[in-house]
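S.K.: Take this structure, written in structure tokens, and hold onto it; I'll ask about it next.
There are 2 protein chains.
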Amino acid sequence: MSYIRCHKCDQHAAMRMKHHRLNLCAEHYIEYIQKQTLRSIKKYRMFTHSERVLVAVSGGKDSLALWDVLLTLGYQADGFYIDLGIDEGLGYSSKSRMMAEQFAQSKGARLTVIDFAGEYGLTIGELAKRTRRGTDKPCSVCGIAKRHTMNAVTQRGDYDVIATGHNLDDEAAVLFSNTLRWDTDMMMRQSPVLEAHHGMPRKVKPFFRFYERETAAYALLRGIDYIQDECPFAEGSRTIELKHLLNQLEDQSAGSKLNFYMNYLKAQEQKFFNRDKDEATRANLNRCLQCGQPTTAEGLCGFCRLLAQSQR
Amino acid sequence: MSYIRCHKCDQHAAMRMKHHRLNLCAEHYIEYIQKQTLRSIKKYRMFTHSERVLVAVSGGKDSLALWDVLLTLGYQADGFYIDLGIDEGLGYSSKSRMMAEQFAQSKGARLTVIDFAGEYGLTIGELAKRTRRGTDKPCSVCGIAKRHTMNAVTQRGDYDVIATGHNLDDEAAVLFSNTLRWDTDMMMRQSPVLEAHHGMPRKVKPFFRFYERETAAYALLRGIDYIQDECPFAEGSRTIELKHLLNQLEDQSAGSKLNFYMNYLKAQEQKFFNRDKDEATRANLNRCLQCGQPTTAEGLCGFCRLLAQSQR
């Protein structure tokens, strides 16, 4: 009986990547993901072995796989988990927190857990409800809150860089969303690396070239236990709709998603756009009077404004 | 019983345009399309009443509606039809030719018909087959041939400008296709107006802001008889797939397609891109040794190369 073979060792292929015309067995697939991640880290100068990296961990496949790869590659990678208090979906937050803690323990790695409600006096759901922003969908409030908390923790813990598990599907969907509106400010900010500015650490996305199914396969083949549920609030969100459309394109022509994102980066590098991404990020930023983090607003930043509103 | 009313006269609305939050009766809808076309022509300086316009007519709704609007607005608009000899689909070419001729006759307007096979010795289908380019789909060969023939006729007839019936769905699909690959050359060439260059006339798309259903509604309400079949070759083409995806976006959020295209033009105007569209169009063009039309190639242009190949 014929089966598909690994391009490296002729064994049964565990993973097929049509867009790269590459099929690999479990062992060579794991090696491939680790090597490609190292390549991205070096090519885009994300961080070095002497820098301290904080991995933003959600308990899902992407962030745990990323943490696993960084530890395997010998980086100084600590984890960081925010318990948002999302009890909807049969305890989404407590389940995902458990996954993060289990992983940290199994690796002997350091994990900082922030209890959002303990820190700020209310859960994400409550914050969204009280501020009447996204009463059906707290996703935008959640994004603001996570970014704020992440920045605060990195500064406290003296980290050089924050690494997030965003994969190609995530990045392509955001680029797609911004491009559909030609939101040029947002487009210019999109990059696998955002340099440190205003006392905020560098932010990097070492998995930006991997399809979601590739990070999932890595987690599975490495035996990483992760939370498989989507956040119960995310269901039906705009981003998920756009991912669905991009998947249709990918089905019609393998590699569409990768080309869309990589050719965008190439156009950036070749200065097709009239603005510099760092310039776009740094332009017109003030400091929040409450927390000191950078903000485009005058007075309070978006997060501190939300908190103030919630206390009225 | 309640029904949806015209925003102008309170009569029963014949057309609803969600993206504009505008409902109009037949009479006011027809007036709306004509006025908006005039506005586009003036805003983008497409042509004046003293210039001679050649309308590229396919026999479909868009081009016949455009010709109708231009005649109503008092422009010097002649029609031009290329009989491509597509006998597939129960006589697609002969049916669409009849529609174009009927319309011209009813308006007392001048129509030039070019019989492609008479002019070049073979039909489009034969040209595609003999050159083995798109044996299943002659669309790319057809595009090259139509552009070439159109340029040739405009020069012979001493026209200042070619007007085509491309609507928003067409333009958005092409922009989408180019953006998915970040084909920056093609992106820069996309515009409702391409200025004259190398002896080629100006090319304009006065319907670029209208959705396909809007031009169809105009044709129906004006009683214009047009060919409703798609070209039998176009079925399942990439462009049609992309239109389908854009329709899904439009269904999720009315106006998506219009915003995508119009915000792109705005980004162009605001010099978000590092290159000028006219510069992009004119760069590195030579003259074809056979026909004299501009080409990026050295020696023969794409069309003359195809003809030469077909004669081997």
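Chains as they are written, first to last, in my numbering: chain A, 1 to 312; chain B, 1001 to 1312.
In this text, a Cβ means the ideal position worked out from N, Cα and C, and glycines have one as well.
Since we're looking at a predicted model, the values are computed, not measured.
Please return the same chain residues whose Cβ sits closer than 8 Å to the Cβ of R287 of chain A, not counting the five positions on each side in sequence.
M.R.: Within the same chain, R287 of chain A has close Cβ partners H198, Q293, P294, T295.
S.K.: Is the beta carbon of M1188 of chain B sitting closer than 8 Å to the one on R1045 of chain B?
M.R.: Not closer than 8 Å, so no.
S.K.: Expressed to the nearest angstrom, what Euclidean distance is found between the alpha-carbon atoms of A267 of chain A and D169 of chain A?
M.R.: Those two C-alpha atoms are separated by around 19 Å.
S.K.: Would you call R1202 of chain B buried or exposed, if buried means 16 or more other Cβ atoms sit within 10 Å of its Cβ?
M.R.: Burial call: buried.
S.K.: Check whether the segment 171–183 of chain A and the segment 240–254 of chain A are in contact - that is, three or more C-beta pairs closer than 8 Å.
M.R.: Yes: the two stretches touch, three or more of their Cβ pairs being nearer than 8 Å.
S.K.: With distances taken between CB atoms, is the gap from L1319 of chain B to L1300 of chain B smaller than 8 Å?
M.R.: Outside the shown range of chain B, which is 1001 to 1312, sits residue 1319 of chain B, and nothing can be said about it.
S.K.: Give the residues from the segment 183–195 of chain A that approach chain B closer than 7 Å (Cβ to any Cβ), ordered along the chain.
M.R.: Under the 7 Å Cβ criterion, the segment 183–195 of chain A contributes T184.
S.K.: So if DSSP puts D994 of chain B in a beta bridge, which residue, or which two residues, is it bridged to?
M.R.: As displayed, chain B neither begins before 1001 nor continues past 1312, which places residue 994 of chain B out of reach and without an answer.
S.K.: Applying the criterion that 16 or more other CB atoms from any shown protein chain within 10 Å of the CB defines a buried residue, is C1009 of chain B buried or exposed?
M.R.: Answer is exposed; the Cβ neighbour count stays below 16.
S.K.: Examine chain A for any beta-carbon lying closer than 8 Å to the beta-carbon of N1259 of chain B, and answer yes or no.
M.R.: Output row for N1259 of chain B: interface = yes.
S.K.: Suppose you measure from the CA of K1042 of chain B to the CA of K1205 of chain B; what does that come to, to the nearest Å?
M.R.: Approximately 12 Å, taken between the alpha carbons.
S.K.: With a floor of 3 residues, list each beta strand (DSSP E) that falls wholly inside the segment 1155–1238 of chain B, ordered by position along the chain.
M.R.: List check, beta strand (DSSP E) in window: 1161–1163, 1202–1204.
S.K.: Just to confirm the assignment, what range does the alpha helix (DSSP H) spanning M1262 of chain B have?
M.R.: Start and end: 1256–1269.
S.K.: Looking at K1061 of chain B and A1234 of chain B, is the spacing between their C-beta atoms short of 8 Å?
M.R.: Contact: no.
S.K.: What's the call for E171 of chain A, buried or exposed, on a 16-neighbour Cβ count within 10 Å?
M.R.: So E171 of chain A counts as buried.
S.K.: Any residues in the segment 241–257 of chain A with a beta carbon nearer than 8 Å to a beta carbon of chain B? Which ones, in chain order?
M.R.: Listed by position along the chain: E241, L245, Q248, L249, Q252, S256.
S.K.: Helix, strand or coil for H1012 of chain B per DSSP?
M.R.: It is a strand residue.
S.K.: Can you list, in chain order, the residues of its chain with a C-beta nearer than 7 Å to that of G1255 of chain B? Leave out the 5 residues immediately preceding and following it.
M.R.: Correct list, in chain order: H1019.
S.K.: Which residue from A:L90, A:A109, A:V69, A:T72 puts its Cα closest to that of Y81 of chain A?
M.R.: The shortest C-alpha separation from Y81 of chain A is found at A:A109.
S.K.: At least one CB of chain B closer than 8 Å to the CB of K271 of chain A: is that the case?
M.R.: Cβ-Cβ to chain B under 8 Å: yes for K271 of chain A.
S.K.: Could you check what DSSP says for Q1076 of chain B in three-state terms: helix, strand or coil?
M.R.: Q1076 of chain B falls in the strand class under three-state DSSP.
S.K.: Output the distance between the C-alpha atoms of S58 of chain A and T72 of chain A, rounded to the nearest integer angstrom.
M.R.: When rounded, the distance between both Cα atoms is 19 Å.
S.K.: Classify E214 of chain A: buried if its beta carbon has 16 or more other beta carbons within 10 angstroms, exposed otherwise.
M.R.: When all chains shown are included, E214 of chain A counts as buried.
S.K.: Rounding to the nearest angstrom, what Cα-Cα distance links G74 of chain A and H49 of chain A in this structure?
M.R.: Each residue's alpha carbon lies about 7 Å from the other.
S.K.: Hey, how far is the Cα of D1229 of chain B from the Cα of S1094 of chain B?
M.R.: Each residue's alpha carbon lies about 12 Å from the other.
S.K.: Is there a Cβ of chain B sitting closer than 8 Å to that of R209 of chain A, yes or no?
M.R.: Cβ-Cβ to chain B under 8 Å: no for R209 of chain A.
S.K.: Find the nearest neighbour of L1194 of chain B within the set B:A1163, B:A1173, B:F1210, judged by alpha-carbon distance.
M.R.: Out of B:A1163, B:A1173, B:F1210, B:A1163 has the C-alpha closest to the C-alpha of L1194 of chain B.
S.K.: Excluding the 5 residues flanking G36 of chain A on each side, which residues of the same chain have their C-beta closer than 8 Å to its C-beta?
M.R.: Position check: residue 36 of chain A holds Gln in this sequence, whereas Gly was assumed. Same-chain partners within the cutoff: R209, F210.
S.K.: Going by alpha carbons, who is nearest to V1069 of chain B out of B:F1273, B:I1227, B:A1219?
M.R.: For the residues B:F1273, B:I1227, B:A1219, the minimum Cα distance to V1069 of chain B belongs to B:A1219.
S.K.: From which residue to which residue does the beta strand (DSSP E) around A1056 of chain B run?
M.R.: Start and end: 1052–1056.
S.K.: Am I right that H12 of chain A and R5 of chain A are in contact with their C-beta atoms under 8 Å? What's the rounded C-beta distance?
M.R.: Indeed they touch by this definition, with Cβ atoms about 7 Å apart.
S.K.: Provide the residue span of the beta strand (DSSP E) that contains I1114 of chain B, from first to last.
M.R.: Where I1114 of chain B is concerned, the enclosing beta strand (DSSP E) stretches over 1111–1115.
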